Every structure is written in structure tokens, then in C-alpha cells.
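Here the structure comes first, spelled out in C-alpha cells, and everything after it is commentary.
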Amino acid sequence: MKDLVEYIARSLVSDPMDVRVEERGRGNKVFLRLQVAKEDMGRVIGKGGRVANAIRQLLRVAAAREGKSASLDIEDPR
Numbered sequence: 003m004k005d006l007v008e009y010i011a012r013s014l015v016s017d018p019m020d021v022r023v024e025e026r027g028r029g030n031k032v033f034l035r036l037q038v039a040k041e042d043m044g045r046v047i048g049k050g051g052r053v054a055n056a057i058r059q060l061l062r063v064a065a066a067r068e069g070k071s072a073s074l075d076i077e078d079p080r
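Adding 2 to a residue's 1-based position in the sequence shown gives its number in the numbering used here.
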């Protein structure tokens, strides 16, 4: 699932090398944290959060196929 989020995020941003995804799991739950460069936040979140919600939906489907649940947090760059 980490690979899926990395692939999607790197396809959206202008500098793919700044994409970092951290994955933690606890039982059947998977928690992912996405970090991108400050100038790419708008591309990853999208207008009204539509792109971010689409990524989360794809992640939920991929997790459900494995019998898990997943959540994605997009961290604000500093």
C-alpha cells in the first residue's frame, strides 16, 4: 500500500524525490503518512481536497482487498 501512495504522489508532484511515505501497522489497520515539498501540497490535496480524497479512496480499496483498513495523513511541510 505504501508503494501505491508513493506512485500516485510521485506522479502528481513536480519533484518526485521529495515524496516520502511512512507506513505503520497495528493488527488489520495500516496508517500511512505522506510528506511532499511545500510547493507541491496544492497538487496533492487538490481543489477542495478532491485529489487527497481520491487517493484515500484508492487506498481503502487496496486495503480492503487484503482484508485490512487503511488511513492516510498528509503532513504539512515545515
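Virtual Cβ for every residue (Gly too), placed ideally from N, Cα, C.
All of these numbers come straight from a predicted model, not from anything done at the bench.
- In the structure shown, E68 falls within a coil segment according to DSSP collapsed to helix, strand and coil.
- Between the segment 11-22 and the segment 34-50 there are three or more inter-stretch CB-CB distances shorter than 8 Å, so the stretches are counted as touching.
- Relative to the Cα of I76, the nearest Cα in the group A56, R28, G29 belongs to A56.
- Its Cα nearest to that of D78, the residue M43 stands out among K4, L14, M43.
- Cα atoms of L60 and N30: separation of roughly 17 Å, rounded to the nearest angstrom.
- Within its own chain, the residues whose Cβ lies closer than 6 Å to the Cβ of A64, once the five positions on either side in sequence are excluded, are M3, L6, listed in chain order.
- Note: S73 is bridge-paired with F33 in the DSSP secondary-structure output.
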